[in-house]
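Below is one structure, written out as structure tokens, with a few remarks after it.
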Amino acid sequence: MRMIYLIFKILVVILIVILVFSGGNTQFLDPQYYKLRKLENDTSGLYVLDEELDREARRIGVGKILQNGYKVIYEYEADIDKIDSRIKSGKHLIYSYVDGNGQKNIISYYLCYKYDTYALWLIGDEGGGFRFKGGDESVWLCNRDNVFYYNKETNTFIKKDKNDK
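This note's numbering applies: residue -13 is where the sequence shown begins, and numbers increase by one.
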């Protein structure tokens, strides 16, 4: 019985140390956080559907006319999907154009992930006093080093290093 209490005490001390060094945030104990980090490293980044139009759209800017005769449209956020209870994915910074048939054609977008965290934070300073703040915070994460180019032959995205030309 004493051994069980000793193991329990050691586990409690380890948990307290983790909470202190993580700023009281429990996201490091959440398996969804590690799932988010894997998704961010593997699949988030810039998705380019038409490389030539993407270069042109970024060069000439929003509202200008592309070589195909259509105006560049820019959206900040669209198509948000829920992956898990705390993880969502969404397309951001979307370059597109509307063709003569009224159909929206996406040129490129960033695929990002949103993580919702719920915690109790200790805030304040010596002069103003310390207090606890509870609630939730959300953050969008996007790996801007990943670039995926659309391959029309295989109908898939191919990941390339951002430095490759």
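Ideal placement from N, C-alpha and C gives every residue a C-beta, glycine not left out. The structure presented is a predicted model; accordingly, all values stated were derived computationally and were not measured.
Provide the residue span of the beta strand (DSSP E) that contains residue i, from first to last.
i: N137; result: N132 to N137
i: I66; result: I59 to K68
i: I80; result: I73 to V84
Assuming residue i is part of the alpha helix (DSSP H), what are its boundary residues?
i: Y20; result: P17 to T29
i: I46; result: E37 to I46
May I have the straight-line CA-CA distance separating residue i from residue j, to the nearest angstrom?
i: Q53; j: Y83; result: 12 angstroms
i: K50; j: L79; result: 16 angstroms
i: D70; j: E123; result: 16 angstroms
i: N141; j: R23; result: 26 angstroms
i: Y136; j: K146; result: 11 angstroms
i: I59; j: Q89; result: 13 angstroms
i: L(-3); j: T29; result: 35 angstroms
i: N96; j: D85; result: Looking at the sequence shown, residue 96 is not Asn but Tyr. So the two alpha carbons sit approximately 22 angstroms from each other.
i: Y104; j: K68; result: 17 angstroms
i: K138; j: E26; result: 25 angstroms
I want to see whether chain C comes within less than 8 angstroms of residue i, judged by CB atoms only; does it?
i: D40; result: You won't find chain C in this structure, because it holds only one protein chain.
Since I believe residue j is in contact with residue i (beta carbons under 8 angstroms), could you give me their beta-carbon distance rounded to a whole number of angstroms?
i: N129; j: G31; result: 5 angstroms
i: Y101; j: R72; result: 6 angstroms
i: Y33; j: F143; result: 6 angstroms
Going by other Cβ atoms of all chains shown within 10 Å of its Cβ, with 16 needed for buried, is residue i buried or exposed?
i: K57; result: exposed
i: V133; result: buried
i: I2; result: exposed
i: I4; result: exposed
i: K77; result: buried
i: I(-7); result: exposed
Using 8 angstroms as the cut-off, can you tell me whether the segment 26 to 38 makes contact with the segment 55 to 74, which would need three or more C-beta pairs spanning the two stretches below that distance? Of all C-beta pairs linking the segment 26 to 38 to the segment 55 to 74, fewer than three are shorter than 8 angstroms, placing the two stretches out of contact.
Between the segment 42 to 59 and the segment 12 to 27, do at least 3 Cβ pairs fall closer than 8 angstroms? Because the criterion of three Cβ pairs below 8 angstroms is not met, the segment 42 to 59 and the segment 12 to 27 do not touch.
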